[in-house]
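First the structure, in the form of structure tokens, and then the observations on it.
Protein chains in written order, with our numbering: chain R, 1 to 249; chain G, 1001 to 1084.
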């Protein structure tokens, strides 16, 4: 019962909007501090890689981008289930406002990977499983953006987008296990839940900081972008009208 | 610090261009996304604010035109009638 009340409350756009307003400064502040600390540490203070030299320093942005690109998709897939089963509006706001963020993160993972590949593998791009499945992830994100905008009716658009997101979710385990299932140039996972990282602490600590920092900044972006989405969809409600009135320019 | 000088830090034993390109694109992309997201929110609020003002003005002028003098006939009005 209380779980249902919580669920109902969480589905209330006004409640989410207010919570987001309170979280926004904290997410931005801690996210920036952690990410910047991680990046400066990784760029200037972490030791050189004995094999790759300094090019490996790209890892401090490549891994957070790639990591988040996949977890944003998983979050969108969970939201898609909520959209289809409970028809919760907020879930669709999340999917449609965050798809561009996922697309950008996937692009960054691909781009930094290509630039890292040149001095390390001697090539910008190979059509291997990991790289190809990441490229498919980028196309999936773009598909979600285009489909969502192509359908004017809010409910049909939400349903169509949710189905597309759920169909595409098979790609996520393919990305994750591609380095184990197929022969690839790509190195295996840096962090796993079961084993200690194979890199020394001076390398993985800054990496962990930048991953957590980017996660928090993603949280900040989620709050800001979902607030915009809520304002658009709820513009007829009295609380949005009052809020617009008090903030109006 | 892993590097002897600032120049060495920038050069990174030849890997500088690769590393700095990645960091520059990453920073620009994220700052751009953050800026765009904030701007979008402000734009939506501003747009709705002006829509509310317009609706109120329309309402007010409609009220003025339909106001009656008590006899049931519309009061004489010298205000200009705005199209739309």
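Note that the Cβ used here is the ideal one computed from N, Cα and C, for glycine as well.
Residue from R:30, R:15, R:50, R:60 with nearest C-alpha to residue 208 (chain R): The residue labelled residue 208 (chain R) in the question sits at position 208 within the first chain. Here the closest residue by C-alpha is R:60.
Proximal residues to residue 141 (chain R) (C-beta, below 8 Å), its chain only, five neighbours per side dropped: Here residue 141 (chain R) refers to the residue found at position 141 when the first chain is read from its first residue. 73, 99, 100, 102, 103, 106, listed in sequence order.
Own chain residues within Cβ distance below 6 Å of residue 200 (chain R), not counting five before or after: Within the first chain, residue 200 (chain R) is the residue found at index 200, counting from 1. There are no such residues.
Where the region 30 to 47 of chain R meets chain G: residues whose CB sits under 8 Å from a CB there: Only those residues of the region 30 to 47 of chain R whose C-beta falls short of 8 Å from the nearest C-beta of chain G are listed: 39, 43, 44, 45, 46, 47.
Assigned exposure category for residue 238 (chain R) - 16 Cβ within 10 Å defines buried: On the first chain, position 238 is the one that residue 238 (chain R) refers to. It counts as exposed.
Beta-carbon proximity check, residue 55 (chain R) vs residue 13 (chain R), cutoff 8 Å: By 1-based counting over the first chain, the position of residue 55 (chain R) is 55. By 1-based counting over the first chain, the position of residue 13 (chain R) is 13. Not in contact: residue 55 (chain R) and residue 13 (chain R) (Cβ atoms no closer than 8 Å).
Residue closest to residue 24 (chain R), alpha-carbon to alpha-carbon, out of R:225, R:143, R:89, R:247: Here the question's residue 24 (chain R) lines up with position 24 in the first chain. The residue with the shortest Cα to Cα distance from residue 24 (chain R) is R:225.
Three-state secondary structure (DSSP) of residue 49 (chain R): The residue you call residue 49 (chain R) lines up with position 49 of the first chain. The three-state reading of DSSP puts residue 49 (chain R) in strand, counting E and B together.
Beta-carbon neighbours of residue 1037 (chain G), restricted to chain R and to distances below 8 Å: By 1-based counting over the second chain, the position of residue 1037 (chain G) is 37. Near residue 1037 (chain G) (Cβ distances below 8 Å), the residues of chain R are 221, 224, 225, 228.
Closer than 8 Å to chain R by CB, residue 1055 (chain G): Position 55 of the second chain, counted from the first residue, corresponds to residue 1055 (chain G). Taking Cβ atoms only, chain R never reaches closer than 8 Å to residue 1055 (chain G), which makes this a no.
Rounded straight-line distance, which links the Cα of residue 156 (chain R) to that of residue 147 (chain R): For the purposes of this step, residue 147 (chain R) is taken as the residue at position 147 of the first chain. For the purposes of this step, residue 156 (chain R) is taken as the residue at position 156 of the first chain. CA-to-CA, the gap between residue 147 (chain R) and residue 156 (chain R) works out to about 10 Å.
Contact belief for residue 1047 (chain G) with residue 228 (chain R) at Cβ below 8 Å, rounded distance in angstroms: Position 47 of the second chain, counted from the start, is the residue given in the question as residue 1047 (chain G). Position 228 of the first chain, counted from the start, is the residue given in the question as residue 228 (chain R). At roughly 11 Å, the Cβ-Cβ gap does not stay under 8 Å, so residue 1047 (chain G) and residue 228 (chain R) are not in contact.
Cβ-based contacts, 9 Å cut-off: residues of the region 134 to 150 of chain R near chain G: Flagged: no residues at all.
Min CB distance residue 116 (chain R) to chain A below 8 Å: The chain inventory of the structure shown lacks chain A, comprising the protein chains R and G.
The region 204 to 222 of chain R contacting the region 41 to 48 of chain R, beta-carbon criterion three pairs below 8 Å: By the Cβ criterion, the region 204 to 222 of chain R is in contact with the region 41 to 48 of chain R, since at least three pairs of Cβ atoms, one from each stretch, lie closer than 8 Å.
Three-state secondary structure assigned by DSSP to residue 11 (chain R): As a position in the first chain, residue 11 (chain R) is number 11, starting the count at 1. Reduced to three states, the DSSP call for residue 11 (chain R) is coil.
Span separating the alpha-carbon of residue 222 (chain R) from that of residue 214 (chain R): Counted from its first residue, the first chain places residue 222 (chain R) at position 222. Counted from its first residue, the first chain places residue 214 (chain R) at position 214. For residue 222 (chain R) and residue 214 (chain R), the distance between alpha carbons rounds to 12 Å.
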